[in-house]
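Residue numbers (my numbering), protein chains in the order written: chain V, 1 to 763; chain A, 764 to 811.
Just so it is clear, CB atoms sit at the ideal spot from N, CA and C, and this is done for glycine as well.
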Amino acid sequence: MITSIMKRDGRVVLYDAGKIASAILKALEAAGEGDAAEAARVANRVERELALECGSGTPRIEQIQDLVERQLMECGHDEAAKRYILYRANRTRIREANSQLMKTIDEITNVDARLSDMKRDNANIDGNTAMGSMLQIGTAGAKAYNAAYLLTPEQAKAHREGDIHIHDFDFYSLTTTCTQIDILRLFHGGFSTGHGFLREPNSIGSYAALAAIAIQSNQNDQHGGQSIPNFDYGMAEGVAKTFAKAYVTKLTESVEDILDSEDESDAARAAVTEAAQATGHTARLGEGASEAEFDRLAAESLARATRLDGGTAARLVATARRRAWKQTDRETYQAMEGFVHNLNTMHSRAGAQTPFSSINYGTDTSPEGRMVIRNILMAEDAGLGFGETPIFPIHIFKVKEGVNYNEGDPNYDLFQLSMKVSAKRLFPNYVFLDAPFNLQYYKPGHPETEVATMGCRTRVMGNVYDPSRQIAYSRGNLSFTSINLPRLAIEAHGDEAKFYASLDEMMELVARQLLDRFEIQAAKRVYNYPFLMGQGIWLDSDQLGPADEVREVLKHGTLSIGFIGLAETLTALYGHHHGESDEMQKKGLEIVGHMRQFCDDKSQAMKLNFTLLATPAEGLSGRFTRMDQKRYGSIPGVTDREYYTNSFHIPVWYPISAYDKIQKEAPYHALTNAGHISYVELDGDTAHNLEAFESVVRCMHDAGVGYGSINHPVDRDPVCGYVGVIGDVCPRCGRRSGEALSPEKLAELRKKFPGVPSFCGCE
Amino acid sequence: MSAMQKQSVVGKDVPFERIRRITGYLVGTMDKWNDAKKAEERDRVKHL
Numbered sequence: 001m002i003t004s005i006m007k008r009d010g011r012v013v014l015y016d017a018g019k020i021a022s023a024i025l026k027a028l029e030a031a032g033e034g035d036a037a038e039a040a041r042v043a044n045r046v047e048r049e050l051a052l053e054c055g056s057g058t059p060r061i062e063q064i065q066d067l068v069e070r071q072l073m074e075c076g077h078d079e080a081a082k083r084y085i086l087y088r089a090n091r092t093r094i095r096e097a098n099s100q101l102m103k104t105i106d107e108i109t110n111v112d113a114r115l116s117d118m119k120r121d122n123a124n125i126d127g128n129t130a131m132g133s134m135l136q137i138g139t140a141g142a143k144a145y146n147a148a149y150l151l152t153p154e155q156a157k158a159h160r161e162g163d164i165h166i167h168d169f170d171f172y173s174l175t176t177t178c179t180q181i182d183i184l185r186l187f188h189g190g191f192s193t194g195h196g197f198l199r200e201p202n203s204i205g206s207y208a209a210l211a212a213i214a215i216q217s218n219q220n221d222q223h224g225g226q227s228i229p230n231f232d233y234g235m236a237e238g239v240a241k242t243f244a245k246a247y248v249t250k251l252t253e254s255v256e257d258i259l260d261s262e263d264e265s266d267a268a269r270a271a272v273t274e275a276a277q278a279t280g281h282t283a284r285l286g287e288g289a290s291e292a293e294f295d296r297l298a299a300e301s302l303a304r305a306t307r308l309d310g311g312t313a314a315r316l317v318a319t320a321r322r323r324a325w326k327q328t329d330r331e332t333y334q335a336m337e338g339f340v341h342n343l344n345t346m347h348s349r350a351g352a353q354t355p356f357s358s359i360n361y362g363t364d365t366s367p368e369g370r371m372v373i374r375n376i377l378m379a380e381d382a383g384l385g386f387g388e389t390p391i392f393p394i395h396i397f398k399v400k401e402g403v404n405y406n407e408g409d410p411n412y413d414l415f416q417l418s419m420k421v422s423a424k425r426l427f428p429n430y431v432f433l434d435a436p437f438n439l440q441y442y443k444p445g446h447p448e449t450e451v452a453t454m455g456c457r458t459r460v461m462g463n464v465y466d467p468s469r470q471i472a473y474s475r476g477n478l479s480f481t482s483i484n485l486p487r488l489a490i491e492a493h494g495d496e497a498k499f500y501a502s503l504d505e506m507m508e509l510v511a512r513q514l515l516d517r518f519e520i521q522a523a524k525r526v527y528n529y530p531f532l533m534g535q536g537i538w539l540d541s542d543q544l545g546p547a548d549e550v551r552e553v554l555k556h557g558t559l560s561i562g563f564i565g566l567a568e569t570l571t572a573l574y575g576h577h578h579g580e581s582d583e584m585q586k587k588g589l590e591i592v593g594h595m596r597q598f599c600d601d602k603s604q605a606m607k608l609n610f611t612l613l614a615t616p617a618e619g620l621s622g623r624f625t626r627m628d629q630k631r632y633g634s635i636p637g638v639t640d641r642e643y644y645t646n647s648f649h650i651p652v653w654y655p656i657s658a659y660d661k662i663q664k665e666a667p668y669h670a671l672t673n674a675g676h677i678s679y680v681e682l683d684g685d686t687a688h689n690l691e692a693f694e695s696v697v698r699c700m701h702d703a704g705v706g707y708g709s710i711n712h713p714v715d716r717d718p719v720c721g722y723v724g725v726i727g728d729v730c731p732r733c734g735r736r737s738g739e740a741l742s743p744e745k746l747a748e749l750r751k752k753f754p755g756v757p758s759f760c761g762c763e
Numbered sequence: 764m765s766a767m768q769k770q771s772v773v774g775k776d777v778p779f780e781r782i783r784r785i786t787g788y789l790v791g792t793m794d795k796w797n798d799a800k801k802a803e804e805r806d807r808v809k810h811l
């Protein structure tokens, strides 16, 4: 007679025969093979066998489960047995995940981030801080839950074993990736962040401050980066308001000075109001006919009201305009400086991350827009408090022929300035609106049709769900999953047909998984995204009530399939990569073109935006490769490094000219409609040669690159403040990394260089 | 006052900052990069 059993952890508990019968019943019911009476019959057989096996001893729980399996089969319940086995396997997986989870939390808690690769998975989170660790623990818990409960066994296996990588997996059940925030629409009429209402801003200072708050707030509703696609157009309105106010103030002051009077604000305001009524606009920046007319009318009115002669009144108005311009320009600079500082210091997501932010600009040719662009570039050029290079936001300069690309274009000077800044600070990056796949959407006078980039590279433009809304504003990516392309190639053993067959299978699996995830996201309500949907940032969300499902409006977003390691894939399949021959370039384009076709077909079939992504390899770089090295060993040119090459890039270690690299990579930009970026690496000296820098940017434009940037080393010595290329020794102060400077040397440096940081407490 | 500023000898144990771009983002220093990304940065060759 059995009285007790031993659980997995060694505890001995009372034997309960009813539990066996109830487990058997569940399996029978799931298989549609029987009822409680049948379950009791099978349970009796299990009990008899058990008594034979261990007499009055204490059986282990696994022993009982093995018997249940066997008895189900012996009684002819094959399907129920199968269900029972699956159930057991799943329980085992969850148990293992739980103990793995505890191990992970243990590592997060106790190991220094410098020694833990896992803790440096996302370079933007400091795993050594309290909030950073809390975020990582939450991430670990969410991942374990999602893998056990939300993926199908097939998807879980593919993700776990590195056939695919589901990005932002910790947020699987929670939210979507990113949005291009139309900052103007948000500001008009004011908005709420959930803890109070913010009125529509009235100066460039407030515009810039609220733009930072909007990015921060929306970052808390989503797991990816945030972007403003119309930074110049958006901030221009703030500049206009600041100028209109400054015009009145400066005019008042000038009149008071000349009349030696205490208060002439009524006369000045009346003059401006009269001019505004006649011209139909407020005092505004610019040197056009209408601005001249405005000034003339204001002077006339002023002369009448104050009995100043016409010439003097006109002179005062001209002075007021000049000074108002100067003050507005200064305030704009301060606003831009504050914006950059804010985005590098403010935190979101439980205080652990600075928001991933991007701003796009370059095409607004209005005087106000131009003032914004010039000043944001100058603020970026100046850097942070001690001259540090700002990490955020990502600056993206939109390049367009007829607007800023060629000499004579209205914003050509700003394009030139942008390259000077990029050569020093690595930003801006460049998005090319003339690339055919971007130009097809472009409508002059409609900035929402200008392609903008967000975060690392995400691009959202085409719209299969609603072809009348092919715009950048108020849309974003919903989720993305990447395919381990090199593994498919290795497994194909040189058989091209086999490779394509497995690629199709894998893309089908990923598409299915993206749809499953969409189902979770779409079933959420507006109140789950209080800022993104509640404040109407997402396209058409302003049509929804707080408890409405977001399903329909989410369809404006994209579901993206990514890939990594085209170079290694080609090498595994054919022996060399696309940097090495035109033949391989053709093969590479065939593979990526095939993937794009799959996405287009899927989009049409589902009326959803499936797009192809040249995956940003953050976090993924290394993960696939480690697993494949373990599986296949070191294969030359394929698994013999610690990482797979980024998307379609020519391998970073392969010697190639900038020109050839751009020519090779450009055609892939046309295929990867979910986003892409190409880099060219320059050494410090070449980068600072503006002609060389410009020739690379122009080469990208002319080759049809969609988005690109130039990498060059930017080092800084925090002790003497030097920014530039530093080898082993700092060219300014002569110290090596980690060496101290003498107080005399420091004093000498401070005399020569105003930018040397000050150190309190030691001098 | 930052920890660096409290040191009696200016610059002792203060490393150079090396800012690099990875996957479109800049990262303040490479200390926080994972091993594979560090290896990728190390292997990069210049394009002329």
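- In this structure, Ile564/V places its C-beta atom within 8 Å of the C-beta atom of Tyr644/V.
- Contact of Tyr643/V with chain A is assigned, a C-beta pair being separated by under 8 Å.
- From the beta-carbon of Ile656/V, the residues of chain A found nearer than 9 Å are Val808, His810.
- Annotated as proximal: Ala567/V and His577/V, with beta-carbon spacing under 8 Å.
- If you look at Asn429/V, you'll find it in the beta strand (DSSP E) that goes 429-432.
- Around the beta carbon of Lys661/V, 16 or more other beta carbons lie within 10 angstroms, which makes this residue buried.
- Taken in chain order, the members of the segment 739-753 of chain V whose beta-carbon sits within less than 8 Å of a beta-carbon on chain A are Glu739, Ala740, Leu741, Pro743, Leu746.
- Residue state for Tyr788/A is assigned as strand, using DSSP reduced to three classes.
- Think of a sphere of 9 Å around the beta carbon of Gly622/V: the chain A residues whose beta carbon falls inside it are Asn797, Asp798, Ala799, Lys800, Ala802, Glu803, in chain order.
- The C-beta distance from Gly675/V to Arg457/V rounds to 4 Å, short enough to meet the 8 Å contact threshold.
- The residue among Leu308/V, Ala236/V, Asp601/V, His223/V with its C-alpha nearest the C-alpha of Asp260/V is Leu308/V.
- Assignment of Glu739/V by DSSP, reduced to helix, strand and coil, places it in the coil class.
- Excluding five sequence positions before and after Asn146/V, the CB atoms of its chain that fall closer than 8 Å to its own CB belong to Phe169, Asp170, Tyr172, Ser173, given in chain order.
- For Phe294/V, the number of other beta carbons within 10 angstroms of its own is at least 16, and it is reported as buried.
- The contact set of Gly455/V on chain A, defined by CB atoms closer than 9 Å, consists of Gly787, Tyr788 in chain order.
- Nearest to Arg95/V by alpha-carbon distance, out of Ile166/V, Leu115/V, Met73/V, Ala144/V, is Ala144/V.
- Counting the other Cβ atoms within 10 Å of the Cβ of Gln180/V gives 16 or more, which makes it buried.
- If you draw a 10 Å sphere on the C-beta of Gly579/V, you find 16 or more other C-beta atoms in it, and that means buried.
- In this structure Tyr405/V is buried. Its beta-carbon is surrounded by 16 or more other beta-carbon atoms within 10 angstroms.
- Within the DSSP bridge table, the entry for Ser357/V names Gln226/V as partners.
- In this chain, Ser22/V is not harboured by any beta strand (DSSP E); it is covered by the alpha helix (DSSP H) spanning 17-31.
- By the Cβ test, the segment 247-256 of chain V is in contact with the segment 312-325 of chain V, since at least three Cβ pairs between them sit closer than 8 Å.
- Residue-level contact check: Arg735/V touches chain A, since one or more beta carbons of chain A fall below 8 Å from its beta carbon.
- Separation of Gly234/V and Tyr87/V (C-alpha to C-alpha, rounded to the nearest whole angstrom) is 56 Å.
- Ranked by Cα distance from Gly445/V, the options Val403/V, Asp715/V, Ala489/V, Ser116/V are led by Val403/V.
- Asn711/V reaches chain A at Arg783, Arg784, Arg807, counting residues in chain order whose Cβ is nearer than 8 Å.
- Annotated three-state conformation of Gln180/V is strand, per DSSP.
- For Val421/V, the CB contacts under 6 Å within the same chain, skipping 5 residues up- and downstream, are Leu377, Glu380, Asp381 in chain order.
- Distance from the CA atom of Arg736/V to the CA atom of Val729/V, rounded to whole angstroms, is 5 Å.
- Tyr632/V sits in a helix when the DSSP states are folded into three classes.
- Minimum Cα-Cα distance from Met595/V among the listed residues Glu583/V, Ser581/V, Phe610/V corresponds to Phe610/V.
- Relative to Thr193/V, the option among Asn202/V, Ile215/V, Ser203/V whose CA is nearest is Ile215/V.
- Two segments are said to touch when three or more pairs of C-beta atoms, one from each, lie closer than 8 Å; by this definition the segment 357-377 of chain V touches the segment 331-346 of chain V.
- Around the CB of Asp263/V, fewer than 16 other CB atoms lie within 10 Å, so the residue is classed as exposed.
- Interface flag for Glu287/V against chain A is unset, since no Cβ pair is found closer than 8 Å.
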